[in-house]
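Enquirer: There's a structure below that I have some questions on.
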Amino acid sequence: MRLVTTLLVIALTVCMASPGASQSDFTPSAAALAARSYRTAHESEILMEFAGLLALPNVASDAPNIRRNADAIRLLLERRGVRTQLLEVDSAPPVVYGEVTTPGADRTIVFYAHYDGQPVEPEKWAGGDPFSPVLRSDTLEKGGRELPWPQQGERIDPEWRIYGRSSSDDKAPIIAMAAALDALREARIPLGANIKFFFEGEEEAGSPHLERIVEKYRDLLKADLWLICDGPVDQTRRQQVFFGVRGVTSIDLTVYGPRRELHSGHYGNWAPNPAMMLAQLLASMKDPDGKILIDGYYDGIEPFGEAEKRALAEAPAVDEMLKRELGLARTEGGGRTLMEMLALPSLNIRGLGSGSTGDTARNVVPSTATAAIDIRLVKGIDYRTAVDRVLAHIRKQGYHIIESEPDDSVRLKYPRMVRVNRHGGYNAARTPMDLPISQMVIRAVEGARGRITKMPTLGGSVPLYVFTDILKTPTIGIPIANHDNNQHSINENIRLQNLWDGIEVMAALLAMK
Numbered sequence: 003m004r005l006v007t008t009l010l011v012i013a014l015t016v017c018m019a020s021p022g023a024s025q026s027d028f029t030p031s032a033a034a035l036a037a038r039s040y041r042t043a044h045e046s047e048i049l050m051e052f053a054g055l056l057a058l059p060n061v062a063s064d065a066p067n068i069r070r071n072a073d074a075i076r077l078l079l080e081r082r083g084v085r086t087q088l089l090e091v092d093s094a095p096p097v098v099y100g101e102v103t104t105p106g107a108d109r110t111i112v113f114y115a116h117y118d119g120q121p122v123e124p125e126k127w128a129g130g131d132p133f134s135p136v137l138r139s140d141t142l143e144k145g146g147r148e149l150p151w152p153q154q155g156e157r158i159d160p161e162w163r164i165y166g167r168s169s170s171d172d173k174a175p176i177i178a179m180a181a182a183l184d185a186l187r188e189a190r191i192p193l194g195a196n197i198k199f200f201f202e203g204e205e206e207a208g209s210p211h212l213e214r215i216v217e218k219y220r221d222l223l224k225a226d227l228w229l230i231c232d233g234p235v236d237q238t239r240r241q242q243v244f245f246g247v248r249g250v251t252s253i254d255l256t257v258y259g260p261r262r263e264l265h266s267g268h269y270g271n272w273a274p275n276p277a278m279m280l281a282q283l284l285a286s287m288k289d290p291d292g293k294i295l296i297d298g299y300y301d302g303i304e305p306f307g308e309a310e311k312r313a314l315a316e317a318p319a320v321d322e323m324l325k326r327e328l329g330l331a332r333t334e335g336g337g338r339t340l341m342e343m344l345a346l347p348s349l350n351i352r353g354l355g356s357g358s359t360g361d362t363a364r365n366v367v368p369s370t371a372t373a374a375i376d377i378r379l380v381k382g383i384d385y386r387t388a389v390d391r392v393l394a395h396i397r398k399q400g401y402h403i404i405e406s407e408p409d410d411s412v413r414l415k416y417p418r419m420v421r422v423n424r425h426g427g428y429n430a431a432r433t434p435m436d437l438p439i440s441q442m443v444i445r446a447v448e449g450a451r452g453r454i455t456k457m458p459t460l461g462g463s464v465p466l467y468v469f470t471d472i473l474k475t476p477t478i479g480i481p482i483a484n485h486d487n488n489q490h491s492i493n494e495n496i497r498l499q500n501l502w503d504g505i506e507v508m509a510a511l512l513a514m515k
């Protein structure tokens, strides 16, 4: 009877387009429609399971709570009939691994997500607790009011938002996969491949143990494809599929002035000001249009193929919309689009510190100034090479580079010195868009969502090199979060329609043949 009911609902909805789809005449695939039917009947249950997962603090350095997350996700999978185990190495959060064997399947697909989140500053969050998820009627910027969690059968607006750490990055895909498994089972739609799940617990901390885990469990992780379920859809709300990610590394630069702060009246214009020195040093690295002036910085970029070039040409124009949304009168790049700029390495100042400002500002010459810099890499440029190029530029500006606090002999010897702290990193990865398995994924996602945006490279970074370079397996990204989700910032959120659409996309991929 349950199967008959499900098929009747699918038949009644066959001409309905998903609220997030861009074509009014689009008919989703059977798997996507089954997911929609199931979700419509179980929205409040899905939200309650999601809220319970979001209530678990999940900063990677918080070992007890990270373990609670892993145990909760393991139970979530086991309730769906997934065989699970924890993949562990010393001093690392566990990877939650799951496996479903499909009789007769000729390929294996791994679904990747991460369950850890960025560090939090609770006092900056609306409500003061990032791990007490809140349902709101709209975004905070638009005055969204707090709502009670809905009961079974109550109306749920797809424009409502759930606020909480990792609501979009990256627990939403985990819940979407779970609901998709439920939907396919209820509709008796078989999985299209042997399915594995790999949920990492320290991606937001830079995945320092991922390579060791993959090496240790290499045989267990053999597959034909990794699907990376992380990141946002495009800014038009169109479903996005990405085939590469930028690499990432970061450095801290500290410039030194006097051994102690000095009275700016007595010593200003005489004692070198490290804040001014650092500002001048940083300004030498980029021109007003954002072009990086460091010698050789763009050398080695691996060019796109014809399929990637076509995808960029077909991508929706979002720049003017984003400028209005973000209040920007200009952008960097000398007229190039956001999509074009994502194909280049970046140099970003993510933080500056020296002296004090506001009510605590004092009339002093500071003793130090520090800049935190992140670098995003594209395919063809090694992250260590990128840092070496930055350091060579610093030396050309007359600076002596040190790696520890200077003593008096160093201070008196070098008139300009900068301490450099490297933080490691990883390289970019990219899978060709014209591979048969890439085209299969595109067809499956289009079957669920209609017209999609195909991105050769996502702007963000995920350590896909571990899968492409070590396991020699293609990787393709399937994000579901809204672009305005406050990723990595305060008041992170997920739009409910993005979650609903994500369930349909995951169902289509799980059933993909």
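Under this note's numbering, think of the first position of the sequence shown as 3, with each following residue one higher.
Virtual Cβ for every residue (Gly too), placed ideally from N, Cα, C.
#1: Considering Glu45, what are the terminal residues of the alpha helix (DSSP H) in which it resides?
#2: Buried or exposed for Asn60, please, with buried defined as at least 16 other CB atoms from any protein chain shown within 10 angstroms of its CB.
#3: Where do the ends of the beta strand (DSSP E) carrying Met457 lie?
#4: If we count the other Cβ atoms within 10 Å of its Cβ and call it buried at 16 or more, is Trp502 buried or exposed?
#5: With distance defined between alpha-carbon atoms, name the residue in Pro192, Val392, Arg240 nearest to Gly106.
#6: Check whether the region 468 to 477 touches the region 161 to 174, taking contact to mean three or more Cβ pairs, one atom from each stretch, closer than 8 Å.
#7: Take the Cβ of Asp236 as the centre, count every other Cβ of all protein chains shown within 10 Å, and call the residue buried at 16 or more, exposed below.
#8: Below 8 Å between beta carbons: does that hold for Ala281 and Thr459?
#9: Could you work out which residue in Ala195, Glu204, Arg421 is closest to Ala65 when comparing CA atoms only?
#10: Between which residues of its own chain and Gly155 is the CB-CB distance below 8 Å, once the five residues before and five after are set aside?
#11: Indicate whether Phe133 and Leu55 have their beta-carbon atoms separated by less than 8 Å.
#12: Leu498: which of Tyr40, Leu137, Asp436, Ala180 sits nearest, CA to CA?
#13: Specify, as a first and last residue, the run of the beta strand (DSSP E) that Val320 falls within.
#14: Are the beta-carbon atoms of Ala174 and Ile482 separated by less than 8 Å?
#15: Note the first and the last residue of the continuous alpha helix (DSSP H) segment covering Gly449.
#16: Just to confirm, is the Cβ distance from Pro121 to Gly130 under 8 Å?
#17: Once you ignore the five residues that flank Ala94 on each side, which residues in its own chain have a CB closer than 6 Å to its CB?
#18: In this structure, how does DSSP classify Asn495 when only helix, strand and coil are distinguished?
#19: Report yes if the CB atom of Gly577 is closer than 8 Å to the CB atom of Ser369, and no otherwise.
#20: Our contact map puts Phe244 next to Val97 with C-beta atoms below 8 Å; I'd like the distance itself, whole angstroms only.
#21: Can you tell which of Ala43, Thr433, Pro276, Thr333 has the C-alpha that lies nearest to the C-alpha of Gly357?
#22: According to the neighbour-count rule (16 or more other Cβ atoms, all chains shown, within 10 Å of its Cβ), is Met323 buried or exposed?
#23: Which runs of the alpha helix (DSSP H) fall wholly inside the region 268 to 351 and span at least 4 residues, in chain order?
#24: Which of the three DSSP states is assigned to Trp502 in this structure?
#25: From Leu284 to Asp297, what distance separates their C-alpha atoms?
#26: Starting from the Cα of Glu310, find the closest Cα among Gly249, Tyr165, Leu414, Gln441 and give me that residue.
#27: Check for me: the beta strand (DSSP E) holding Met419 runs from which residue to which?
#28: Quickly, what does DSSP pair Asp376 with across the bridge? List them, please.
#29: What did DSSP end up calling Phe245 once you bin it into helix, strand or coil?
#30: Can you find a CB in chain C that lies within less than 8 Å of the CB of Asp140?
#31: Tell me the start and end of each unbroken alpha helix (DSSP H) in the region 202 to 249 that is at least 4 residues and wholly inside, in chain order.
#32: Classify Asp118: buried if its beta carbon has 16 or more other beta carbons within 10 angstroms, exposed otherwise.
#33: On a Cα-Cα basis, can you pick out the residue from Ala513, Ala510, Ile505 that is closest to Ile177?
#34: As a quick exercise: from Thr104, Val443, Tyr40, Leu349, pick the residue whose alpha carbon is nearest that of Thr251.
#35: Identify, in the order they occur along the chain, each residue of the same chain with its Cβ nearer than 7 Å to the Cβ of Gly267, setting aside the five sequence neighbours on each side.
#36: Starting from Tyr385, follow the alpha helix (DSSP H) in both directions and report where the run begins and ends.
Expert: The relevant details are as follows:
#1: 32 to 56
#2: buried
#3: 455 to 457
#4: buried
#5: Pro192
#6: no
#7: buried
#8: no
#9: Glu204
#10: Ser46
#11: no
#12: Leu137
#13: Val320 -> no beta strand (DSSP E), and no H or E assigned at all.
#14: yes
#15: 438 to 451
#16: no
#17: His211
#18: strand
#19: Nothing can be reported for residue 577: it is not among the residues displayed for the chain, which extend from 3 to 515.
#20: At roughly 22 Å, the Cβ-Cβ gap does not stay under 8 Å, so Phe244 and Val97 are not in contact.
#21: Pro276
#22: exposed
#23: 276 to 285, 308 to 316, 321 to 328, 340 to 343
#24: helix
#25: 14 Å
#26: Gln441
#27: 419 to 428
#28: Ser252, Asn350
#29: coil
#30: Looking for chain C here will not work: only one protein chain is present.
#31: 212 to 218
#32: buried
#33: Ile505
#34: Leu349
#35: Asn365
#36: 385 to 398
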